[in-house]
Every structure is written in C-alpha cells, then in structure tokens.
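Per the working numbering, the sequence shown starts with residue 71, numbered consecutively. From the three backbone atoms N, C-alpha and C, an ideal C-beta is built for every residue, glycine too. Here the structure is a predicted model, which is why all the values come from computation and not from measurement. In what follows, a structure is listed as structure tokens, so that the remarks can point back to it.
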Amino acid sequence: MRIEFVTDTFPPDVNGVAMTLGRLTSCLKSRGHYIHVIHTGESAACGETKKYSVSLPGYQEVRVGLPSPLKLRKRWKKKRPDAIYVATESPLGVSAIKAAREMGIPVVSGFHTNFHQYLQKYSLGKMQKPAMGYLRRVHSKADCTFAPSQNVVDMLKEEGFEKVKLLGRGVDTNLFNPSKRCAVLRSEWGARAETPVVVIVGRVAPEKNLDFAMDIVREMRARIPDTKAVVVGDGPSREKLAQDNGDVQFVGVKTNEELAKHYASADILLFPSETETFGNVLLEGMASGLITVSYEYAASALHVKHGENGLQARFGDEDSYLEQSIRALGQLRNDQMKDLARRAVLEMSWDKIAQNFEDHIQEVIQEKPVTQRRVKNKRTLKLRSLFLSDIHLGTADSKTREVVQVLKSVRCERIYLNGDIIDGWALKRGAKWRKSHTKVIRLLLKKMEKEGCELIYLRGNHDDFLERILPVDIGGMKVVKECYHEAVNGDRYLVIHGDGFDSVSTNHKWLANLGAVGYDFLLGVNRFYNKYRAWRGKEYFSLSKVVKAKVKSAVSFVDSYEEKLQGLAKAKNCQGIICGHIHTPADKQVGDIHYLNSGDWVETMSCILEHEDGKLEVVTYEDLMKELEIRPSEPIEDEDLEESPMEAIRGTAVARDLVARV
Numbered sequence: 071m072r073i074e075f076v077t078d079t080f081p082p083d084v085n086g087v088a089m090t091l092g093r094l095t096s097c098l099k100s101r102g103h104y105i106h107v108i109h110t111g112e113s114a115a116c117g118e119t120k121k122y123s124v125s126l127p128g129y130q131e132v133r134v135g136l137p138s139p140l141k142l143r144k145r146w147k148k149k150r151p152d153a154i155y156v157a158t159e160s161p162l163g164v165s166a167i168k169a170a171r172e173m174g175i176p177v178v179s180g181f182h183t184n185f186h187q188y189l190q191k192y193s194l195g196k197m198q199k200p201a202m203g204y205l206r207r208v209h210s211k212a213d214c215t216f217a218p219s220q221n222v223v224d225m226l227k228e229e230g231f232e233k234v235k236l237l238g239r240g241v242d243t244n245l246f247n248p249s250k251r252c253a254v255l256r257s258e259w260g261a262r263a264e265t266p267v268v269v270i271v272g273r274v275a276p277e278k279n280l281d282f283a284m285d286i287v288r289e290m291r292a293r294i295p296d297t298k299a300v301v302v303g304d305g306p307s308r309e310k311l312a313q314d315n316g317d318v319q320f321v322g323v324k325t326n327e328e329l330a331k332h333y334a335s336a337d338i339l340l341f342p343s344e345t346e347t348f349g350n351v352l353l354e355g356m357a358s359g360l361i362t363v364s365y366e367y368a369a370s371a372l373h374v375k376h377g378e379n380g381l382q383a384r385f386g387d388e389d390s391y392l393e394q395s396i397r398a399l400g401q402l403r404n405d406q407m408k409d410l411a412r413r414a415v416l417e418m419s420w421d422k423i424a425q426n427f428e429d430h431i432q433e434v435i436q437e438k439p440v441t442q443r444r445v446k447n448k449r450t451l452k453l454r455s456l457f458l459s460d461i462h463l464g465t466a467d468s469k470t471r472e473v474v475q476v477l478k479s480v481r482c483e484r485i486y487l488n489g490d491i492i493d494g495w496a497l498k499r500g501a502k503w504r505k506s507h508t509k510v511i512r513l514l515l516k517k518m519e520k521e522g523c524e525l526i527y528l529r530g531n532h533d534d535f536l537e538r539i540l541p542v543d544i545g546g547m548k549v550v551k552e553c554y555h556e557a558v559n560g561d562r563y564l565v566i567h568g569d570g571f572d573s574v575s576t577n578h579k580w581l582a583n584l585g586a587v588g589y590d591f592l593l594g595v596n597r598f599y600n601k602y603r604a605w606r607g608k609e610y611f612s613l614s615k616v617v618k619a620k621v622k623s624a625v626s627f628v629d630s631y632e633e634k635l636q637g638l639a640k641a642k643n644c645q646g647i648i649c650g651h652i653h654t655p656a657d658k659q660v661g662d663i664h665y666l667n668s669g670d671w672v673e674t675m676s677c678i679l680e681h682e683d684g685k686l687e688v689v690t691y692e693d694l695m696k697e698l699e700i701r702p703s704e705p706i707e708d709e710d711l712e713e714s715p716m717e718a719i720r721g722t723a724v725a726r727d728l729v730a731r732v
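Written out as structure tokens, the structure is:
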C-alpha cells in the first residue's frame, strides 16, 4: 500500500509520538509498503516532506503545523495514496483530513496526546471542555481514529467519538535490555553497586507530574539516604526543577544506545504521569529489567500485574503512589519481578504493531471504497475546431489547470490560439513563469505533433513580440495576425484578436500598460477575496465583471467594439467574425453578421467550439465539464520555475525550426 503520514513531530524529535511514528513507519517500509511522511521540523530526509510550523509560545519544543490544503491536494492528485494517517490535530492535520475527504481518500487519525488534560496542568482548566469539543470535531472527520490503550478507547467513546479502534504500542527489546547496565555510568551518578538509583524519563513539563515525583524522591531518600535520582529528558520545567532539587541529576535528552544504558543502569523507574494516552516509557523500563511504579491506567493497566512484574497505584491516588514507591525500595533484589517485567513485553514487537496497523487500514479501505480517483475523462469530445484566447500565460491568474483539462478532453482538427496566449507585458514587469504555464505549451505542441492537430497562433496585444516575425510557419504552427475560417456550411469567418479596434491599445500603449497594471491589481484583490469566499463555502465572484456591467463607459466600449468588428467582417466579405481581447464572451447575430467572442482564461474561462456538424458554440469551462461528466479541477498552488516560455518548447519541432530560422 501507499500510505502517507501527516504529523507535527517526527524523528529526530525526542518524544513519545515521534518515537512511535518513527518505529511504525520503519516497520511498515520493511513490510514492503511505500511510506511518505509529511511533517514539520528543520529538515526532511528522503521519503519526507517538510511543512511550515510555529513554536508554541513558552514551549519551544512543541511545533504547530500550519495548514497546507492546496499543496496537499496537488501532491495527492499527482500520486494518490491508498490511505492517509494524520497523527496530530494541528491546522496542518486538519487541512490534511479535509483534503483527503474532498478527494475521497481513506483517512485515519491518531489520538496520541491528551491535550485537553494538559490544560489543567497549565492553569487552563476552564478550556478543557472546549478543547475536547475541538478534538471530537477533528477526529469525527476521519474514517477512523486509532487510540493506543483500552482506557483511551473507552474515554473517547464516552466523549462521543465514533469509529475508535485500538492500536497498541511496541518496544524494541533488543535495544532496551538489562545487559546494557553500565558500572561506569553509575559511578558518574555517585552510585555504588548497592545504591538505589531512581530514574525518571520523559518530557520535563508540568503535564508529567514531576513536582510530585520530586516529593516522592525526597520521601524515598528519607528511608534510604543514599538513594540517587536521575531525570532523563528536557522541557520547559527543567531549569526550575533543577534549581529547586539540587540533589537530583538532570542529564538532558538521551536517545538510542545512550537512553538504553541510562535505563539499564538504574534500579527503579518512577512513572507518575496522569495524562498519558499510552506511556512508551513504561514498556522501555520493563524491557530494561527495572522495578516500575506507575498509576493503573494506559500501558500500566494493559501490561503490569501488580506485585508480580511491577507496582501499581490507584489512578489519581497520591498516597497510594507514595506507598508503592517506598515499597519499590524493598524490591531491589527481587530478580523474579524484574525478569517477569521483561518477559511481559518480549512479544510486543513493533512489527506486530505494524501488522495490526496494516490490518486496520485495510479494513478502512474496504469499508470506504475510493470514490474519486485521479480525474479521467469518461469520453472525449470530437470537434472540428477549438478557439482559445486570452490565456495570459505568465500571470498568477491564468487558469492553466482548467485549460489543460479542456485540451485533454477534446480531439480536434485545428486549434486557433486567438491572441494574448503568452502575456509578454506581465513577464516584462517581472511576473514569474510557472510549471503549469509550461504544461499548457507542451500539451498544445503534443496535440500538434502526436495528434496531427493544426495549430494557428494569432498575435494579440500582450504577445505583440510576435509582430516582428509575422507571418511565419514554425514547425507546422502558423503564426499570423489574422486568418479566415471556413465553416461546414461554407460561411467565412474572420479570425482576429481584435486589439486593433481598441484605440487605447493601438494609439496609447503606455495607457494600456497602465490599465493592465490596474487590472492585475484588481485580479489580485479578487484572488484573495475569493479565497475568503471559498473558505465560507461560497461560489467564485468576479469583481471585473461587476465593474464592466455597472460602469457605463465600459458597457459602451464593449458595444462600440462589437459594432466595429462586425463592420470589419462585412468589409472583408465574411459572414462572421471570431475574436477575443475584451474578456467578454459573446455569441450573437447582428443583421447578416455572426459575432463570436471567445472570452478569456483569467476570469470567464470560456472558449468557442466548432462541432463536427458545423455548429459554433461559446461554452464555459464549467458547462463543458458537466457535458463530459468530469468533475471540475480544483485550484492548485503553482511552483515557480527557473525557465522561460522558449525553454518550454525545447526538443520539439517548433524549437528546431525556430533555431534554424534564427
């Protein structure tokens, strides 16, 4: 299977969630699955993608992933996973769940952290109920939620969570092993062979109940003054705890062999946390042959048999925990308890957990069949001709994905590119050429070279750089200023961009450039406004359309423009005219002249189709997709490319012919 993980934390981060995901993904890869991890952090290794994040104020170790819906959709459209696992409930995780649902990809969430319980430890108890409500809403959007222990499963179901499955945790018993005990390390702690060493492992933070742990250590020292205490880990509480407890050694974060050596060199593991969803530390301590003291919940409830392989206190009962901690001092020579602790976790391999994960994912996939695969045309529309104009490649507002989908959906004898296909004005102003712009050009050339489609490019005002080479035939593509199209019934149509009948474009180019800048600004405002409307669930809104419809001078300009072109068609002895330029699609009969305007691919997303029976029709992208029974594309975030429009045609017959002419 192809499974993608989305998380705010991943190795080399040092915490239970990162460790769990690192072990799980490694085992899944060894079982032959393709695994890719999308995470926050400073860097990303092979098979990983880094996403932006912000650190939690006052808790720099914790990062919150920022939402990335467009890039996630783009990635998953290109390489659709069989399932997605979202491990954290941050904005990044929420956007991943939403994107997966919209694309019909099975998505599973993981409940790794009791954030709602942490709030009490940070004096934000009143926020617990809203926090749980938020978590419930997030996980309800997933097809299933994995929880690490039965008590967490029960708790979530009581809180109204649905479709919760148990997915336990494993432990590497080869790494965490009593044989790693080190006399040199113990001597560094000031411990003799018979000295009791108490170890506390984990994040040094308020939610880990470490103030209480320090009280326990003091009580244990009151019984055996030689007792040593070592805290392994780091976090926001470390500095204060170290200042207040000078006789406790805070050694910082330890990983892999160093961590295993610290476990095995101790005698007792204190695990006083009351907010764990599982508690990997407890399993690591048991595998290392320690006497463990824990509250009876999560991992302890699953794997500790009180008095046999470890010691348990009633959950939340501090007096009970103190009693069991003092009792642990009398069990230092209880080799049977230590041996049983290790035996209890020997069969808990991560490979078994990966197999359970795999089985659960398969169940989710079977319960929810993939409903939307990568867009595939149910049928291809056969045409005589396709007329496209005003695509404005080179601008941020060019609807290139929609153009590509139209080109892939039709087969035609010829394509008329009726001006302003490449926006030379915008590129001169420093606009960035994008990957999707290159795709449009390559697809057009592919249709010409592979499908035998005739390509006719008519100069517009924004691509007036073509003026110096007109007319020319480059690699089979004709580049002209105007041409004639003969319909099935014999009618002649003049095909022309139409900027020659716009006095501003022809006589006052500086003013036209100024207008283009203003129009780009209006489109930029429109782009951000429509992101807000999309977030509100509303349809696309065009500010420029409203301006054209409301402003009298704009309306009169369009009317005058149409009249002039109809007069030109009549003067050229044509029965119709096909143009673009003003971004206003039209199909009207005025007297003897059939006036057609193909619109644009910045806002209206319209074109002209000539069907095999000769019918000429102006259609919008949305209507065409409905006719072909194709779900319209969603917008994507484009990548900037260090290439030019000319580099996009490298290797084609057009490029070879152009080089020969130069």
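Asked	Found
Local Cβ density within 10 Å of tyrosine 122, reported as buried at 16 or more and exposed below that	exposed
Whole-angstrom distance between serine 179 and lysine 505, CA atom to CA atom	33 Å
Nearest-angstrom Cα separation, counted from leucine 381 out to glutamine 394	6 Å
Neighbourhood of isoleucine 431 by C-beta, 6 Å cutoff - its chain only, sequence neighbours within 5 removed	Ala153
Sequence-distant residues of its chain with Cβ nearer than 6 Å to alanine 557 (five each side left out)	Gly684
When Asp662, Asn247, Ser210 and Cys252 are compared against glutamate 232, the one with the closest alpha-carbon	Ser210
Start and end residues, alpha helix (DSSP H) containing asparagine 326	326 to 334
Range covered by the beta strand (DSSP E) that runs through arginine 481	480 to 488
Reference methionine 356; option with closest CA among Gln636, Val271, Gly489 and His507	Val271
Inter-stretch contact at 8 Å, needing at least 3 Cβ pairs: the stretch 465 to 473 / the stretch 253 to 271	no
Counted within 10 angstroms of its Cβ, other Cβ atoms place isoleucine 539 as buried (16 or more) or exposed	exposed
Range of the contiguous beta strand (DSSP E) that encloses leucine 340	338 to 341
Meets three-Cβ-pair contact criterion under 8 Å: the stretch 299 to 309 and the stretch 224 to 231	no
Beta-carbon contacts of methionine 173 that lie in its chain and below 8 Å, excluding the five residues immediately before and after	Arg143, Trp146, Lys147, Arg150 and Gln442
Beta-bridge pairing of alanine 383 - partner residues as DSSP gives them	Tyr365
Candidates Leu453, Ala336, Gly359 and Tyr155, of which the one nearest isoleucine 435 by Cα	Tyr155
Span of the beta strand (DSSP E), counted from its first residue to its last, around serine 455	451 to 458
Beta-carbon proximity list for valine 672, same chain, < 6 Å, skipping 5 on both sides	His462 and Asp467
For proline 342, the nearest candidate out of Pro655, Ala368, Ile167 and Ser219 (CA to CA)	Ala368
Three-state class that DSSP yields for alanine 153 in the structure shown	strand
Alpha carbon of serine 623 to alpha carbon of glycine 646, nearest angstrom	Any reading at serine 623 needs caution, since the residue's pLDDT is 43, under 50, leaving its predicted position unreliable; the model's value is listed next. So the two alpha carbons sit approximately 26 Å from each other.
Residues of its chain near alanine 330, where Cβ-Cβ distance is below 6 Å and the 5 sequence neighbours each way are ignored	Leu245, Phe246 and Lys250
For phenylalanine 80, the first and last residue of its enclosing beta strand (DSSP E)	Element bounds for phenylalanine 80: n/a, residue is neither H nor E.
Pick from Asp285, Arg484, Phe181 and Phe282 that is closest to valine 87, judged by C-alpha positions	Phe181
Beta-carbon gap between glutamate 344 and glycine 386 smaller than 8 Å	yes
Length of the line joining the Cα atoms of threonine 362 and alanine 398	8 Å
Beta-bridge partners of lysine 658, as assigned by DSSP	Tyr665
Selected residue, minimal CA-CA separation from cysteine 482, among Met407, Asp389 and Ser455	Ser455
Leucine 98, enclosing alpha helix (DSSP H) - first and last residue	86 to 100
First and last residue of the uninterrupted beta strand (DSSP E) at glutamine 319	319 to 322
Range covered by the alpha helix (DSSP H) that runs through valine 208	198 to 210
7 Å Cβ shell around alanine 424 - same chain, five flanking residues per side excluded	Leu94, Cys97, Leu98 and Arg101
Beta-carbon proximity of valine 124 to phenylalanine 80, cut-off 8 Å	no
Beta-carbon proximity of aspartate 490 to asparagine 531, cut-off 8 Å	yes
In DSSP terms, what cysteine 252 is bridged to	In DSSP, cysteine 252 forms no bridge with anything.
Close-in-space but distant-in-sequence residues of the same chain around isoleucine 566 (CB under 6 Å, 5 per side omitted)	Glu552 and Cys649
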